[in-house]
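Q:
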Amino acid sequence: MVHSDAMAADQSADQSVDTDFERPPEDSYRLLVDSVVDYAIFMLDATGRVVSWNPGAERIKGYSAEEVLGRHFSVFYPADDLAARKPWHELEVAAEVGRFEDEGWRLRKDGTRFWANVIITALFEKSGSLRGFAKVTRDMTERRRAEEALKSSEERFRLLVQGVLDYAIFMLDPAGRVVSWNAGAERIKGYSAEDMLGEHFSVFYPPEDLVARKPWRELEVAVDVGRFEDEGWRLRKDGSRFWANVVITALFDESGRLRGFAKVTRDMTDRRRVELTLSEQRRLVGHLVEAQELERRRIAWDVHDDSIQSMVAVGMRLQLLANRLPDEDAATVRRLDEAVRASIGRLRNLVFRLRPPELDRHSLVQALDHYLTDVTGPLGITYRLRHSLDHEPPVESAITIFRICQEALTNVRKHAQASELEVSLSSVDGGTLVEITDDGVGVGTPSGGRAFEHFGMIEMRERAETAGGWWSLEGGARGGTAVRFWVPTPNGGGP
Ligand SMILES: Nc1ncnc2c1ncn2[C@@H]1O[C@H](COP(=O)(O)OP(=O)(O)O)[C@@H](O)[C@H]1O
Ligand SMILES: [Mg+2]
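The numbering used here numbers the first residue of the sequence shown as 3 and each following residue consecutively.
1. With C-beta atoms as the reference, is A124 less than 9 Å away from G106?
2. Taking just the CA atoms, how far does E424 sit from L338?
3. For ligand 1, is there a heavy atom less than 8 Å away from the beta-carbon of I250?
4. Which one or two residues does DSSP pair with Y207 in a beta bridge?
5. Would a C-beta distance cut-off of 9 Å place G382 and V443 closer than the cut-off?
6. Could you tell me whether the Cβ atoms of V377 and V305 are closer together than 9 Å?
7. Need the endpoints of the alpha helix (DSSP H) that E156 sits in, please.
8. What is the chain-ordered set of residues for which the beta carbon lies under 5 Å from any non-hydrogen atom of ligand 1?
9. Determine whether the beta carbon atoms of Y169 and N184 lie at a separation below 9 Å.
10. Which runs of the beta strand (DSSP E), 3 residues or longer, sit entirely within the stretch 204-278?
11. Could you please give me the residues that DSSP links to W107 through a beta bridge?
12. Is E464 a contact residue of ligand 2, with contact defined as CB to any heavy atom under 8 Å?
13. To the nearest angstrom, how far is the alpha carbon of A332 from that of K416?
14. Using a Cβ-Cβ cutoff of less than 6 Å, which residues in the same chain neighbour V39 once the five nearest sequence positions on both sides are dropped?
15. State the start and end residues of the unbroken beta strand (DSSP E) segment that holds T439.
16. Please name the residue or residues paired with R51 in a DSSP beta bridge.
17. Tell me, which residues are paired with R126 by DSSP?
18. Give the range of the alpha helix (DSSP H) segment to which T483 is assigned.
19. At a cut-off of 8 Å, would you count E156 as near ligand 3, judging by its Cβ distance to the nearest heavy atom?
20. Counting beta carbon pairs with one atom in the stretch 354-365 and one in the stretch 286-301, are three or more of them shorter than 8 Å?
21. Under 8 Å by Cβ, that's how I've got S474 and E210 pegged, so tell me the actual separation to the nearest angstrom.
22. With DSSP as the reference, identify every bridge partner of L423, one or two as the case may be.
23. Going by DSSP in three states, F23 sits in which element: helix, strand or coil?
24. Determine contact between the stretch 392-411 and the stretch 424-434, defined as no fewer than three beta-carbon pairs at a distance below 8 Å.
25. In this structure, does DSSP put A2 in helix, strand or coil?
26. Give the single residue among G433, S194, E467, D83 whose Cα lies nearest to the Cα of R284.
27. For V397, is the classification buried or exposed, using 16 other Cβ atoms within 10 angstroms of its Cβ as the cut-off for buried?
28. Hey, could you find the ends of the alpha helix (DSSP H) I310 is sitting in?
29. Just checking my contact of F487 with V436 at CB under 8 Å: how many whole Å lie between their CB atoms?
30. Give me the residue from S399, E156, E157, F203 with the minimum Cα distance to R179.
31. Which of helix, strand or coil does DSSP assign to A170?
32. Are the CB atoms of V266 and V248 nearer to each other than 9 Å?
33. Closest to G471 by CA distance: which of A418, D441, Q419, I403 is it?
34. How is the alpha helix (DSSP H) around V367 delimited, first residue to last?
35. Which residues in the same chain as A324 place their Cβ atom closer than 6 Å to its Cβ, once the five residues preceding and following it in sequence are excluded?
36. Nearer than 8 Å: is that true of the beta carbon of E409 relative to any heavy atom of ligand 2?
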């Protein structure tokens, strides 16, 4: 047994029992304390020896009253606490300030530990001298275990979410600002946590979705029905697009208040590409487009090799003839020759539209430059053609790109009333990104739907999507119209 000399006190100071008749009889307290099994409630004398013991104390600590009465309460403390003289220190504090509270490990009779919440209250005589201490101890082992389990499961969960690479998993506050960010989000979207924390999640959406206020509508739906799922194009930090599967879940607390949103995003670009190439309808459209291109090329070559050549021959004969005729007849023949030459010019134009020869000579940029000159010249539109291509796209991609440009540029000529036009081509994400912007009258909001009922728009989109890419039309930065599309390079390494 450990004895203490830290607390010298008069042990015989128990005569001054309060005799005030309004207080309940002494034994009613004993009854109360004796019925409590959830708390160890016992008294220590001024030196720290146990002088009373209740069933709760017996249950929690394992000692019976006979075993423990008269022993110093330091028997409940582990060796390291004894070395630090903790029990004596606790009594000193209680005697000084009236009360001491602590949580820590305590020992049961069998030597096992339990996590205890302990309150020691100093008891004084009316005279002010220390009579002893009341000690209430609660076994918190279960609660502590539950808390630890929760903490470690939260920690495990945090680590799990942080470490997932295949999914972007992050949280938004109720306003849509990013409040957490995982490794998958960084990998898929290209933004680091520092980039994104506090930013609104609408930065992931392409301009056409922002015009339609899609990010905000998605949150509204999630709040209304709890959940929102979508597939669509999203933007990476570098501006490139990926095809995303997105699930947004609204998070409510127990009181039903909206706390924010969990957002899980998966990059489905590769899967979509496979699905698109496998889809029957796409294959059919692909075959049709291919057949159409072949037919156009055949006609173009026929017109070039046959019709144009024979008209050139006719022109040469007309010139020879004109040289031999008297002047007045020669003038007539020369006018005929001019008409033939104009027809040849128009036929060459037709050949170009059917199949720009530059495409078969592997120069998409030259073909576009040629076409831009044709389109803009008569209208006095100035154009800029910029390109930063890593490599010349293969012919089938080049044709797709050229055809979409052809329609977009025809629209500029027919509808835009533009004075400036800019076309840019760049290698992005294993494909070619094309942007065609004019400063004309603009198309209005494309989400209005009407513009898309025209065949030109449908055809541009179909061509891009059949090739596994995307197409969009939106208001340009300076008014006007911007057509943007991306066509992957087949087998050219995906994003
Ligand atoms: N660059 C543009 N500037 C202004 N309006 C445009 C532009 N491109 C398309 N549009 C509008 O969109 C409509 C749909 O275009 P499209 O589908 O190619 O059909 P079409 O050219 O046969 O009218 C056009 O009729 C025009 O009103
Ligand atoms: Mg059109």
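Where a beta carbon is used, it is the ideal one built from N, C-alpha and C, also for glycine.
A: According to the structure data:
1. No, the pair does not count as a contact, with Cβ atoms beyond the cut-off.
2. So the two alpha carbons sit approximately 40 Å from each other.
3. No; taking the cut-off as 8 Å, the Cβ of I250 has no heavy atom of ligand 1 nearer than that.
4. DSSP output for Y207 lists no bridge partner at all.
5. Result no, Cβ atoms of G382 and V443 do not sit closer than 9 Å.
6. The answer is no: Cβ separation not under 9 Å.
7. It spans 143-165 - the alpha helix (DSSP H) in which E156 sits, taken as one unbroken run.
8. In chain order, the qualifying residues are N413, V414, H417, A418, G442, V445, A453, H456, G458, M459, T483.
9. It is a contact, given that the beta carbons lie within the stated cut-off.
10. Listed in chain order, they are 229-237, 243-254, 260-269.
11. W117, per the DSSP bridge assignment.
12. No, the beta carbon of E464 sits no closer than 8 Å to any heavy atom of ligand 2.
13. Whole-angstrom Cα-Cα distance: 41 Å.
14. So the list reads P57, G58, R61, once near-sequence residues are dropped.
15. Residues 433-440.
16. DSSP, once it has assigned bridges, lists H74 as partnering R51.
17. The residue asked about is misnamed: residue 126 is Phe in this sequence, not Arg. Note: F126 is bridge-paired with L132 in the DSSP secondary-structure output.
18. Unbroken run through T483 is the beta strand (DSSP E), 483-490; no alpha helix (DSSP H).
19. With respect to ligand 3, the structure offers nothing, as its ligand set consists of ligand 1 and ligand 2.
20. Taking one beta carbon from each stretch, the stretch 286-301 and the stretch 354-365 have 3 or more pairs nearer than 8 Å; the two touch.
21. Confirmed, Cβ separation roughly 5 Å.
22. In the DSSP assignment, L423 is bridged to Y385, D440.
23. Confidence at F23 is low in this model, with a pLDDT of 48, below 50, so the placement of that residue is unreliable and no value is reported for it.
24. Using a C-beta cut-off of 8 Å, the stretch 392-411 makes contact with the stretch 424-434, since at least three inter-stretch Cβ pairs fall below that distance.
25. Look at the range of the chain in this structure, 3 to 497, and you will see that residue 2 is not part of it.
26. Of all alpha-carbon atoms in G433, S194, E467, D83, the one lying nearest the alpha-carbon of R284 is that of E467.
27. Around the beta-carbon of V397, fewer than 16 other beta-carbon atoms lie within 10 Å, marking it exposed.
28. Taken as a continuous stretch (DSSP letters only), I310 belongs to no alpha helix (DSSP H), as it is neither H nor E.
29. Contact holds; Cβ gap of about 6 Å.
30. Comparing Cα positions, the closest option is F203.
31. Per DSSP, reduced to three states, the secondary structure at A170 is strand.
32. Yes, the pair counts as a contact, with Cβ atoms nearer than the cut-off.
33. Ranking the options by Cα distance to G471, first place goes to I403.
34. From DSSP, the alpha helix (DSSP H) with V367 extends over 366-378.
35. Excluding residues within five positions, the ones whose Cβ falls inside 6 Å are A332, V335, R336.
36. Yes, Cβ of E409 sits closer than 8 Å to a heavy atom of ligand 2.
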